[in-house]
Every structure is written in structure tokens, then in C-alpha cells.
Amino acid sequence: MRADFDAVVIGAGLGGLVAANYLTKEGLRILLLEQHSLPGGCCSSFTRESFIFDSGAHSLGSCRSGGEFGNIFKDLKLNGTSGLIIRKAIPSDIVITRDFTLTVRETLNDNVIEFSHFFPEERQGIRRFFFEVYSCDVRARSSLLTYVKKYQDRTFRQMLDEYFRDERLKQVLCVFLGNVGLPSTHVSALRAIVMLKEFILDGGYYVVGGMHRLVERLAADVVKRGGVLKYQTKVTKILVQNGGVDGIILDSGEQVRAKVVISGASPSQTFGAMLGSEVTKTTFKAVEKLQARIRGLMPSVSAVVAYLGVKRNTDERILGRTIWYMPSYDADQVYLDVFAGTPDLACRTFLAAFPSRFDESLAPTGYECVNLFALAPYVNEAFWKSTKEQLLTTLLDRASHIIQDLRNRLVIQEMATPVTIRRYSLNDNGAMYGLASTLSQLHSHIMPQRTVIPGLYLASHWATVGTGQGGTPMAAYAGRHAAKLALSYLEKVRGIHISV
Ligand SMILES: Cc1cc2nc3c(=O)[nH]c(=O)nc-3n(C[C@H](O)[C@H](O)[C@H](O)COP(=O)(O)OP(=O)(O)OC[C@H]3O[C@@H](n4cnc5c(N)ncnc54)[C@H](O)[C@@H]3O)c2cc1C
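Quick note on my numbering: the sequence shown kicks off at 984 and runs consecutively.
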């Protein structure tokens, strides 16, 4: 019997959107289903009274030519066409401590100069450290294998201890682990190196007009190439027949037949409620084993995000696009507490993003948008309901240290908690980076993109790709790779001829 579609893609997050784009580009009949009314999942924007706020991801990494995103932009002809403009904020990341303001530079030499200025005793280690990070090329197999071999079983803390003595310098480097959601004692050194290289040293890219422009463009291109995209449509079941994927069932009860399903949903959804009794005897054992493994895996932490509309202070100096505020050199302890499930109610360390200082179209004239991010554990709904207002007050007080007279200039204040993030993305516990990139959860066999069900692939930040998971470049990579796996499956196993 002829299937309705060649492939169904579950979820229009970055992973699902990129996968659907690569598949429609090859002329395949694709159905992309999203439970929310908008595309993007954790990478989107919303409007409040003429302010455009990025709801989750606010910055992209590895957009350089040859970088992960750079290649995807090129393959999908995204950059600079049809109004999609990606720019790089220079400088992007700034760290403010009680002693100094440090600016992350673009080149190795400039970073050695900048970091050595504040830590002259550590100059040799700083040079060696940055050389090691800059030399990691995840796209070159030999380089990647060398780094995997050297660092996959080491924590970032072990790496820092090897290069540096000054704990304050270690904390400055640890603060960027907010991009991974783990303390240095738990994050794999490999994940930290990849994050520093791809997201801090080649970071600060933003989409002019807001992140929604990127995901809306990806969504529009799926449709333009003949794909079908449905919002407010939740997938509840994945059908399996003769040991392979046979389609999906929607929350309306409607069935759709397809030879391939690419899931951008979390593994607990994909292999839990969605597969359930649909699995045949042959794959039952494998799925049961996988479900048991999933129960033992740790999701990454979540976040609280304050969205602020602020009257612009023309005297304020533009430092960078994002400021990491860590007056007491305690980022690692904060991340450890959050990872252990204790919210940082004092907001000791947080990130402030100033997107409209680089893109004025995001805010009305004379105003600016500010996003404040702090890592947070999920806890439960009741906790965030009762704590949200107080936490926002504390966050605003703390932010007043880096934004003059903030309270008197505020015109909009809104806050998302882990509960909000879970509601819009359906990520377990509002996880912002999929599975936590700990040493034990790094290996690609933990949650491989090619699953135990033939024809079922994962395309999201939940997939383990070997260098750590989470973040927009990783989700996009997972989308591209899932499409590749699906194409070869359709070509070889089901006899579909791919023309391009
Ligand atoms: C607050 C916050 C800030 C962040 N900041 C950054 C940043 O600055 N830079 C960066 O690189 N990364 C950042 N990240 C991480 C990054 O946004 C994510 O890792 C990435 O966007 C994940 O994309 P994804 O496609 O894997 O998953 P998601 O974005 O979670 O998308 C999954 C999609 O699937 C849909 N879905 C789920 N289940 C179903 C179902 N059953 N049926 C239909 N649809 C379904 C969801 O609605 C969602 O749209 C941030 C994340 C958060 C939460």
C-alpha cells in the first residue's frame, strides 16, 4: 500500500525544521507536525507592545563559513536571501566580576592579551589553553577523533586544573558553562571545548529582526518545496509494522502513513507514550531496554528568563551583546546547586542579553529589549507559581548593578520559568539542552539518532552525537544528520529513488 508521505517529522523545533528542509530539498513528500501554534520550539520570539523578545535561544554559534550552521545556511541557501540576515555581534560576550570587565575577543592572540591582562601570572597557561580550544575542529574527522580520545573521559574541571592555578580565572571560564547547564565538575571537557570554540569564540551571531525570522523562514521553505506543515497538531503515536515505522497517529485520532518518522520530541515521549503497544514482538525487547535506559538518564537543567522592555539610557556605554554577571566568582557553585535541584533564588550569577543594542528593529525608538537568563531546575509547578514574582524582583535588583536605574526605566517585565519552557516545547522538565552533557551521557550510543526501530530517527538536542548535546548548532546538526540517515534508509531499504 502506498504511504501518504515519505516521512513525517514530529516537531518544528530547529532539529525538525532542518531535517524537513533537507528532505523536501530532495523532493520527498514530507509532513511536519508541530503541537504549538508557532515554529521554533526553544528558538523563537514573541511580541509585546512593539518589543520583540527572543523567547529562548538569543544567539547562534558556528555560523562561520565551514561551521555547522554556516554549512546548513549554505546548503539551504538561507543567508542573505529573502530577507534573512545573520550578523555577528562584536564584541559578543563580556564577563563582569567585582574586580574587572573582561571582553571575549575573536582571535587567539587577542584573547591571550585580554585574559593575561587580568591574570598575568597565568599567561603561559592561557596561551596553551586557547590554542587547544581553537585547534579543535569538529568537522575534520582526524581532529575530532584526537579530541574525543583525549577528552571524552575527562571533566572540564580536570582540564582547567591542568592549565591554571588561579581559581578566579577558572571561574571566568566556568561562567560560560551556562551555555551547557552544568558545573565544571560534571561537564565533559570535550563538550566544554566544543561550546567554547563554536559558541563563544565563534559566537554572537543573531538573526536580524529576531530568532523567529530564522525558524519562520525554515518553515516557509518546507512548504515552498511541497512539504505539508501543520501547527497545533500533536503526534500521540508512532505506528510500527513488520518491525519498521509505518506512520503516526495524531491527537485527533487521524492516522497518517509514512515510511520514515523523524522525531524532534524527547526520547521519553518518542519511546514512551508514542511507541507503547505499537511495537511488535521483534522490537519489543529492544524498546523495553531503551525505555529502562531513558528512565536512568538525566535531562539538562532549565532556566528562568526575564523579558524586559526598558527606556533607553543614551549615556549607557554599549559593552557587548551579552553580559555574564558574576561578582563573586561562584558560577561553578551556582551551576552545581542548580544541577543538584536547588534554585539560585539569590540570582548570584546570570546572563543579560541586549539584542536591540545591535538590532534596533527589535524595540520602539528610545527603548530597548533586555533578556535576563539564569539556570534553574524544574522543581514543580506549585514551586514556580509561588516563587516567580519574588525571583523576578531579585533578578531585577541584581541586574540593576549592570543596568543603571533599571527599575525606573522599566516599561515591560515578564518572566518564563521551567514550567513555561516545558509547556511550549514539551521538553521533559523544561530541559533547555536535551540530555545533560555529563561524562556518562556523552557517547553517541546513549541516544543515537538511528533508533532500534527501522525508519525512526531522532532530530533534536536530545540525540547524542558524540561531542555533547544542546544548543542551536547541535540541534541543527542533528536535523541535518537525521535527514541523511532517513534518505539512505528510504533509498536502500524501501527502494525510493532519490533524484538529486
Ligand atoms: C531559555 C533558553 C535559552 C537558550 N539560549 C540558547 C542560545 O542563546 N543559543 C543556543 O544555541 N541555544 C540556546 N538554547 C538551547 C536551544 O534553544 C535548544 O537546544 C534548541 O533550540 C533545541 O532545538 P530542538 O529542535 O532540538 O528542540 P525544541 O526547540 O525543543 O523543539 C521541539 C519541538 O517539537 C515540538 N513537539 C514536541 N513534542 C511534540 C509532539 N508530540 N507533537 C508535535 N510536536 C511536538 C515542540 O512543540 C517543539 O516545537 C536555549 C534554550 C532555552 C530554553
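Even glycine gets a Cβ: it sits at the ideal position worked out from N, Cα and C.
Residues near residue i in its chain [Cβ-Cβ closer than 6 Å; skip 5 each side]
{"i": "residue 1467", "result": "none"}
{"i": "residue 1399", "result": "1288"}
{"i": "residue 1248", "result": "993, 994"}
{"i": "residue 1367", "result": "1400, 1402"}
{"i": "residue 1102", "result": "1149, 1152"}
{"i": "residue 1250", "result": "1277, 1430, 1445"}
{"i": "residue 1182", "result": "1044, 1162"}
{"i": "residue 1253", "result": "1246"}
{"i": "residue 1330", "result": "1357, 1377, 1378, 1381"}
{"i": "residue 1301", "result": "1340"}
{"i": "residue 1286", "result": "1356, 1358, 1359, 1415"}
CA nearest to the CA of residue i, picked from the options
{"i": "residue 1457", "options": "992, 1001, 988", "result": "1001"}
{"i": "residue 1323", "options": "1376, 1228, 1362", "result": "1362"}
{"i": "residue 1354", "options": "1372, 1235, 1379, 1371", "result": "1379"}
{"i": "residue 1170", "options": "1409, 1135, 1196", "result": "1135"}
{"i": "residue 1094", "options": "1184, 1351, 1052", "result": "1184"}
{"i": "residue 1389", "options": "1350, 1160, 1189, 1459", "result": "1350"}
{"i": "residue 1176", "options": "1420, 1474, 1272", "result": "1420"}
{"i": "residue 1092", "options": "1358, 1274, 1113, 1310", "result": "1113"}
{"i": "residue 1047", "options": "1405, 1026, 1069, 1276", "result": "1069"}
{"i": "residue 1198", "options": "1370, 1229, 1325, 1024", "result": "1024"}
{"i": "residue 1291", "options": "1425, 1347, 1326, 1469", "result": "1347"}
{"i": "residue 1172", "options": "1213, 1424, 1470", "result": "1424"}
{"i": "residue 1071", "options": "1452, 1145, 1305, 1407", "result": "1305"}
{"i": "residue 1215", "options": "1453, 1454, 1407", "result": "1407"}
{"i": "residue 1369", "options": "1454, 1328, 1167", "result": "1328"}
Spatial distance of residue i from residue j (CA atoms)
{"i": "residue 985", "j": "residue 1225", "result": "Low confidence applies to residue 985: its pLDDT is 46, below 50, so where it sits in the model is not reliable, and the reading given next is rough at best. The alpha-carbon atoms of residue 985 and residue 1225 are separated by roughly 15 Å."}
{"i": "residue 1005", "j": "residue 989", "result": "13 Å"}
{"i": "residue 1034", "j": "residue 1393", "result": "12 Å"}
{"i": "residue 995", "j": "residue 1105", "result": "46 Å"}
{"i": "residue 1012", "j": "residue 1233", "result": "18 Å"}
{"i": "residue 1058", "j": "residue 1049", "result": "11 Å"}
{"i": "residue 970", "j": "residue 1235", "result": "Only positions 984 to 1483 of the chain appear in the structure, and residue 970 is not among them; the question remains open."}
{"i": "residue 1227", "j": "residue 1340", "result": "51 Å"}
{"i": "residue 1496", "j": "residue 1337", "result": "No answer is possible for residue 1496: the residues shown for the chain start at 984 and end at 1483."}
{"i": "residue 1174", "j": "residue 1125", "result": "17 Å"}
{"i": "residue 1052", "j": "residue 1040", "result": "14 Å"}
{"i": "residue 1083", "j": "residue 1055", "result": "38 Å"}
{"i": "residue 1218", "j": "residue 1320", "result": "35 Å"}
{"i": "residue 1044", "j": "residue 1157", "result": "18 Å"}
{"i": "residue 1385", "j": "residue 1335", "result": "9 Å"}
{"i": "residue 1507", "j": "residue 1375", "result": "Since the displayed the chain opens at 984 and closes at 1483, residue 1507 lies outside it and no answer follows."}
{"i": "residue 1141", "j": "residue 1186", "result": "25 Å"}
{"i": "residue 1414", "j": "residue 1190", "result": "23 Å"}
{"i": "residue 1270", "j": "residue 1298", "result": "60 Å"}
{"i": "residue 1469", "j": "residue 1221", "result": "16 Å"}
{"i": "residue 1014", "j": "residue 1007", "result": "10 Å"}
{"i": "residue 1203", "j": "residue 1257", "result": "27 Å"}
{"i": "residue 1029", "j": "residue 1089", "result": "31 Å"}
{"i": "residue 1118", "j": "residue 1138", "result": "19 Å"}
Per-residue burial, residue i [other beta carbons within 10 Å of its own, 16 or more giving buried]
{"i": "residue 1483", "result": "Its pLDDT being 42, under 50, residue 1483 is placed unreliably in this model, and the value from its coordinates should be taken loosely. Residue 1483 comes out exposed."}
{"i": "residue 999", "result": "buried"}
{"i": "residue 1475", "result": "exposed"}
{"i": "residue 1372", "result": "exposed"}
{"i": "residue 1412", "result": "buried"}
{"i": "residue 1344", "result": "exposed"}
{"i": "residue 1123", "result": "exposed"}
{"i": "residue 1275", "result": "exposed"}
{"i": "residue 1410", "result": "buried"}
{"i": "residue 1383", "result": "exposed"}
{"i": "residue 1494", "result": "Residue 1494 falls outside the range modelled here, since the chain spans only 984 to 1483, and no answer is possible."}
Close Cβ partners of residue i (< 8 Å) along its chain, the five nearest in sequence each way excluded
{"i": "residue 1448", "result": "1427, 1432, 1457, 1460, 1461, 1464"}
{"i": "residue 1065", "result": "1200"}
{"i": "residue 1266", "result": "1223, 1226, 1435, 1436"}
{"i": "residue 1325", "result": "1360"}
Residue span of the beta strand (DSSP E) that contains residue i, given as start and end
{"i": "residue 1285", "result": "1285 to 1294"}
{"i": "residue 1034", "result": "1034 to 1037"}
{"i": "residue 1333", "result": "1333 to 1336"}
{"i": "residue 1029", "result": "1028 to 1031"}
{"i": "residue 1246", "result": "1238 to 1246"}
{"i": "residue 1397", "result": "1393 to 1399"}
{"i": "residue 1094", "result": "No beta strand (DSSP E) contains residue 1094, which is instead part of the alpha helix (DSSP H) from 1091 to 1101."}
Alpha helix (DSSP H) segment containing residue i, residue limits
{"i": "residue 998", "result": "997 to 1008"}
{"i": "residue 1462", "result": "1455 to 1475"}
{"i": "residue 1150", "result": "1150 to 1158"}
{"i": "residue 1367", "result": "1364 to 1382"}
{"i": "residue 1416", "result": "From DSSP, residue 1416 is part of no alpha helix (DSSP H); its letter is neither H nor E."}
Chain-order list of residues whose beta-carbon lies under 7 Å from that of residue i (same chain, five-residue window excluded)
{"i": "residue 1078", "result": "1085, 1155, 1158, 1307, 1309"}
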